[in-house]
Structure formats: structure tokens, C-alpha cells
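Visitor:
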Amino acid sequence: MKTLKAIAFSALLTLASVAQAKQIVIAHRGASGYLPEHTMAAKAMAYAMKPDFIEQDVVMTKDDELVVLHDHYLDRVTDVAQKFPNRARPDGRYYAIDFTLEEIKSLNATEGFNLDKNGKQTQIFPERFPMWKSEFKVHTFAEEIELIQGLNKTLGYDIGIYPEIKAPWFHRSEGKDISLAVLKTLKEYGYTSKDSNVYLQCFDPIELKRIHDELLPHMHMDLKLVQLMAYNDWNETMIQENGQFVPYDYNWMFQPDGMEKVAKYADGIGPWKPMLVDDASTKENIIILPLVEATKKAGLKIHPYTFRSDEGRIPSYANSFDDMLDIFYNKVKVDGVFTDYPDKVVNFLHSNDISK
Ligand code: G3P
Ligand code: CA
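Numbering (the working numbering), first residue to last: 11 to 366.
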């Protein structure tokens, strides 16, 4: 017969395994389904929805400040073209790295838009927050950490941060070490160990290995790292070959031993949804791809992107946004998802929580 002590111990073990299995919600660019991405308003709104983490994409300015922007360009989400018409590069883009923080802060930010051939702006997600309404600005990485840490203090929650180092290859080619700058900021704000409430993500495997092997030990830090995954033709990561930038070859990650290799330097992966569930799936036949098993076998977390409930953004194999969440959380059994609609995903997990 089990002693009371043994029963208590086994209950503790069960509790510990339940805690380990907690599936998380990452507010992608804040509550970006409701307010312009990466603005302070979108971050405060996301916070109130109580996700586990809020994401920051980070790029560098001319004067070496870190700002929260998805692109290393300013032209998709600000009025830079109107305020600084002569500052585009020959490719027509306005690079954040060509502007000081003061200049960037003078811009207005808005919902993302495309320009057609006549120069007309078309909102990328037409049903989202209207373009150019109200007033939004670009802010620094430190300002956003202070917002989240400040809310953790006033509201008593413990919401983490999930920064992404954007295009380190580009910053390096401009003479800037963005990874070192991000790590310095994280250290300054107390994110120093695997227990810190942060995941640090990057698409660039060479840079993530450098962070793991060189920068973190050198700075007496040890953070949870996430390898983002891309297809080569997205040009997410570029490397120099014979003086030319060519796309990094991600194919090794999709080989049977790819995830074992990633596990040597990272704690998890951030794949695109179709890398886990084949887009050829049907409602009757959900095809879970081999990457899922390989990742679990390697002991890595899986945090796919991006879960959107906008029209046309739910794959044909799912009946609804919640059905898509059910497939990924309950069939694929991912550890968390990036979503523009944190409230919907938090509600989904809450209504699925059989322990409550
Ligand atoms: O970082 C996860 C996800 O955000 C990757 O896609 O392009 O939105 O940064 P992106
Ligand atoms: Ca990102």
C-alpha cells in the first residue's frame, strides 16, 4: 500500500508534468488584429488579453538604438515617404538603419499597406483598424520592455517577452551587431537565464549558433532560444558568396536529423504552419508532417506562426479559427502559437481546459 508520502510525491510529479505541458499563447506583434502592429497601444491591448508572451521584432537605427518594427524598412507602416521623400535607397525602400531614433519618432505609424503602381496605398488587412486614424508611433525595445514589466507590477501578472532579432546579416553588412545590442538590453532588464520569462528568436541559424556558443557565455547569460524556420525563396536569411548575397539554404532543417542539429543550440522552433500540417490536408484527413515527430523526438518546443482569423487566412482543411486551433493544439500538440488575435486563442485554451 502506498504511504501518504508516496501519494503526495506522485501527485507532485503529476502536477509538475501538467505544468510542463502548458500550452502557451504568443501575442504576435501585440494585439495586431485590432490595432496597428507593434504600436504601444497594440501591446497594452495584448497585455490585457493575458497571453503568455508578447512579441517584439527588433531592428536597429542609424544611431544604434533598437526599435520595434517588423521590417527593416519603414515604408509599410509609417509616413516616412511623405516626411522624408528624398531618403529612399535606389531600391525605393526607406531603411530604418538610415534614420536616427529622433527621426523615426517623428513619423506616424499605421496599419500595414501596399503601394500599387499608381502610388495608391491599399490596406493589407482591409477589415482591420483603419489606416491613418488616431495617432501611433514607433517605440524602442527598452520602452516596450518597460511597459510590459510595468504592467506586470501594476496588474500582478507575469507576462513574458518574445523578441526576434531581425536580419542580423543585413545589420552586419551595415557595420552593426544587432544581436549584441539586443542581449545587452535583455541583460539590463534582468533577462539573463533560462528561467527568465523570455524566448529569443531568430531566422538566422548561423547567428543563433553564435548567440548560443559565443555571445551568451561571454555575457554570463543563458536564454531560451528559438530557431525560426523559412523556405529559401523567402530570402529571410542571406549569406555572402563570391561577394554577392544569396539565400541561406534551410533544407538541412527538414532532413530526418535536422531537429537533432537544432537542439544542439536552441530550445525550440518557430515553423510556418504548413511545415507542420500539409496544406493538402482535408477536413477528413489532416496530414501531420514528419517535422512534428522529429521536433518532439529532439526535445524541442514547437511554436508555429501565424494564427489569424481574418478572411482567407484559415486553411481549407479547418472549419473555423477554433477548429484550426483544435488541430494544432490538440492533434499536432504544439507547445504554443503566434497569433494576431490573442484574446481568441486565450479563450479557446480556457474553454478547452478540462482541469478547470
Ligand atoms: O517570429 C515569428 C513570426 O513572427 C515570424 O514571422 O515575419 O511575422 O516575424 P514574422
Ligand atoms: Ca516575428
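For each residue, glycine too, the CB sits at the ideal point set by N, CA and C. Bear in mind that the values here come from a model prediction, so they are computed numbers and not experimental data.
1. DSSP beta-bridge partners for Y105?
2. Taking L76 as the reference, which of F139, L111, N128 and D332 has the closest Cα?
3. How long is the line joining the alpha carbons of Q66 and D81, rounded to whole angstroms?
4. Looking at ligand 2, does it come within less than 7 Å of E246, judged from the CB to the closest heavy atom?
5. For ligand 1, is there any heavy atom lying closer than 7 Å to the beta carbon of Y351?
6. In the DSSP assignment, what are the bridge partners of T132?
7. Mark P314 as exposed unless 16 or more other C-beta atoms lie within 10 angstroms of its C-beta, in which case mark it buried.
8. In three-state terms, what does DSSP make of K341?
9. Please identify the residue among K307, D333 and L310 whose C-alpha is closest to the C-alpha of T318.
10. Assuming contact is defined by CB atoms lying nearer than 8 Å, are L117 and D89 in contact in what I supplied?
11. Looking at F348 and ligand 1, is the gap between the Cβ and the nearest heavy atom below 7 Å?
12. Given 8 Å as the limit, is there contact between the stretch 237-247 and the stretch 256-267, that is, 3 or more CB pairs closer than that?
13. From K127, P178, R86 and Y201, pick the residue whose C-alpha is nearest to that of T120; which is it?
14. Measuring alpha carbon to alpha carbon, tell me which residue in T195, T316 and V342 is nearest M239.
15. Could you work out which residue in L165, G122, E174 and L359 is closest to Y209 when comparing CA atoms only?
16. When you compare only the Cα positions, how much space is there between A37 and S291?
17. For the alpha helix (DSSP H) that contains M334, what are its first and last residues?
18. Given a threshold of 16 other Cβ atoms within 10 Å of its Cβ, counted over all protein chains shown, does G280 qualify as buried or as exposed?
19. Within 10 angstroms of the Cβ of E47, are there 16 or more other Cβ atoms? Answer buried if so, exposed if not.
20. Using the three-state DSSP reduction, which class does I298 fall into: helix, strand or coil?
21. Give the DSSP-derived three-state secondary structure of E174 in the structure shown.
22. Sorted by chain position, which residues of the same chain lie with C-beta nearer than 7 Å to F139's C-beta, five sequence neighbours on each side aside?
23. Nearest-angstrom Cα distance between S42 and F348?
24. Within 10 angstroms of the Cβ of L165, are there 16 or more other Cβ atoms? Answer buried if so, exposed if not.
25. Does S206 get closer than 8 Å to chain D when you measure Cβ to Cβ?
26. Indicate, with yes or no, if ligand 2 has a heavy atom lying under 7 Å from the CB of D67.
27. By DSSP, does V148 sit in helix, in strand, or in coil?
28. Name the DSSP bridge partner or partners of M229?
29. Could you tell me whether the stretch 52-67 touches the stretch 349-357, where touching means 3 or more Cβ pairs closer than 8 Å?
30. Can you check DSSP and say which residues form a bridge with E372?
31. How big is the Cα-Cα spacing for I324 and D289?
32. Which ranges would you report for the beta strand (DSSP E) in the stretch 49-78 if only whole runs of at least 3 residues count?
33. Tell me which same chain residues have a C-beta within less than 6 Å of the C-beta of E270, skipping the five on either side of it?
34. Can you find a heavy atom of ligand 1 that lies under 7 Å from the Cβ of Q237?
35. Where R220 and Y172 are concerned, what is the direct C-alpha to C-alpha distance, given to the nearest angstrom?
36. Under 8 Å Cβ to Cβ from F109, same chain only, skipping five residues before and after it: list those, please.
Guide: The answer reads as follows:
1. Y83
2. L111
3. 11 Å
4. no
5. no
6. N124
7. buried
8. helix
9. Note on identity: in this sequence residue 318 is Arg, with Thr being the wrong assignment. Closest by alpha carbon: D333.
10. yes
11. yes
12. yes
13. R86
14. T316
15. E174
16. 27 Å
17. F331 to D336
18. buried
19. buried
20. strand
21. strand
22. Y44, L45, P46 and E121
23. 11 Å
24. exposed
25. Here chain D cannot be found, since the structure has a single protein chain.
26. yes
27. coil
28. Answer is none; M229 lacks a bridge partner.
29. yes
30. The structure shown does not extend to residue 372, since the chain is modelled only from 11 through 366, so no value can be given for it.
31. 11 Å
32. 63-70 and 76-78
33. A308
34. no
35. 19 Å
36. T71, K72, L84, V90, F94 and R97
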